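Quick notes on the structure that follows.
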Amino acid sequence: MSAKLADPTTSTLLLKNFSQLTAEAEMKMAAIVAPDGRLRFSGADAIMAYAQQNKLRVHGHALVWHKHEPEAFLRLDGNKPAFTAMYDNYIRTVMGRYRGRIPSWDVVNEPVNGDGLGLRATMWGRNLGDLGYIERAFRIARETDPSAKLFINEYDLELKPEKRLAFMQMMEALLKKGTPIDGIGTQSHINIDMPKGAAKAAFKDLASFGLPIHVSELDISFGHRRFDWRSVRTKRALQAEQMTDFIQAFMALPEKLRHAITIWGLYDSDSFWRVNPEDPNPDDEPLLFDGAGRAKPVTAAFANALDGTKAALHVDAG
Ligand code: 9MR
């Protein structure tokens, strides 16, 4: 992403519309942990420098994630003391480097199984306990930067009520143990066919913890139907409607529970869903701007639904 920020047109569009930034990849283990275990920060530092220069707030993403199990950790798999030491050191070093400069972090990303049945089996859980690795990450994070708001981040909480239930059971267990969680991130990779009322129901459940909610990776996909004969115009209209419902549901939350809304990318042409190796859709238009930076029906829907409250929100291009 740091390369994209160097492009003046992109930078202008971003700064005109957003006040917070999330790195799409540069602050993850895959970018930071070298095969020999050393930690590299050139990408993350470049994002920080850009953000500071342009007075953007940065949301840290993400300290621990099942998708990134670096070689250096895998070599210590099963050696609990050494694995634990590397784990703690990673969180301390990364958060410590940006202490006081990154006000919120996704400490653990996607801990619930994709199918919504309980916790995900990961290398982290195998070595530190399925709930233990989450609890430990939050405790070390709190110790490292007590000023940072610590988030747990998950996907499909709107689309799969059964997954939301598993997420909520996990939250209860973690909070009961005194885990220092300050907020809930709901990625909100939704689509134009999401049933009406799904977002409202999700926000109602998630708000029951009384913690701020971050819509952390919002995009509205045209969906993944194999045969979809609807016109692009129809899909764009449905997308705009879906956006209105979604943002209205979020804005109906008490102000203290609304942390921010992050959009997962700036241009449709950069969206992860176009190139997702598991199910690429090169015609998808999930974001707020087309490839030329032009607004679309969904853009107006987004702005209108936020009307008058923009100043209270931190909107980001991931
Ligand atoms: O959009 C991100 C893509 O550019 C990266 O290559 C990928 C792997 O790091 O991660 C993508 O972002 C994911 C996010 O970190 C967590 N939720 C799902 C996002 C899409 O896969």
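End of the sequence shown = 943 in the numbering used here, gap-free, step of one. Glycine included, every Cβ here is placed at the ideal spot set by N, Cα and C. Quick caveat: nothing in here was measured; it's all calculated off a predicted structure.
With H, G and I counted as helix, E and B as strand and the rest as coil, what does DSSP make of residue i?
i, result
"W889", "coil"
"W898", "helix"
"E842", "strand"
"I809", "strand"
"F852", "coil"
"F914", "strand"
"A936", "At A936 the pLDDT is 45, less than 50, meaning the model places this residue with poor confidence and gives no usable figure here."
"L782", "coil"
"M795", "helix"
Which one or two residues does DSSP pair with residue i in a beta bridge?
i, result
"D731", "F776"
"N679", "Beta-bridge pairing links N679 to no other residue."
"V923", "Looking at the DSSP assignment, V923 forms no beta bridge with any residue, so it has no partner."
"I815", "I845"
"L664", "V658"
"L744", "V737"
"W690", "N734"
The ligand 9MR and residue i: does any heavy atom of the ligand fall closer than 7 Å to the residue's C-beta?
i, result
"N816", "no"
"F897", "yes"
"E572", "This structure does not reach residue 572, given that the chain is present from 626 up to 943, and the question cannot be answered."
"N734", "yes"
"H686", "yes"
"Q812", "yes"
"Y892", "no"
"A655", "yes"
"E910", "no"
"Y944", "A query on residue 944 cannot be resolved here, the shown segment of the chain reaching from 626 to 943 and no further."
"Y780", "yes"
"E842", "yes"
How far does the beta strand (DSSP E) with residue i in it reach, from first residue to last?
i, result
"I872", "Counting along the chain, I872 falls outside any beta strand (DSSP E), though it belongs to the alpha helix (DSSP H) covering V857 to M876."
"I716", "Per DSSP, I716 belongs to no beta strand (DSSP E); it is in the alpha helix (DSSP H), K705 to R722."
Following the continuous alpha helix (DSSP H) through residue i, name the residue where it begins and the one where it ends.
i, result
"I759", "G757 to T769"
"K821", "Per DSSP, K821 belongs to no alpha helix (DSSP H) and is neither H nor E."
"E880", "Premise fails: E880 is in no alpha helix (DSSP H) and is neither H nor E."
"G803", "Taken as a continuous stretch (DSSP letters only), G803 belongs to no alpha helix (DSSP H), as it is neither H nor E."
"F698", "E696 to L699"
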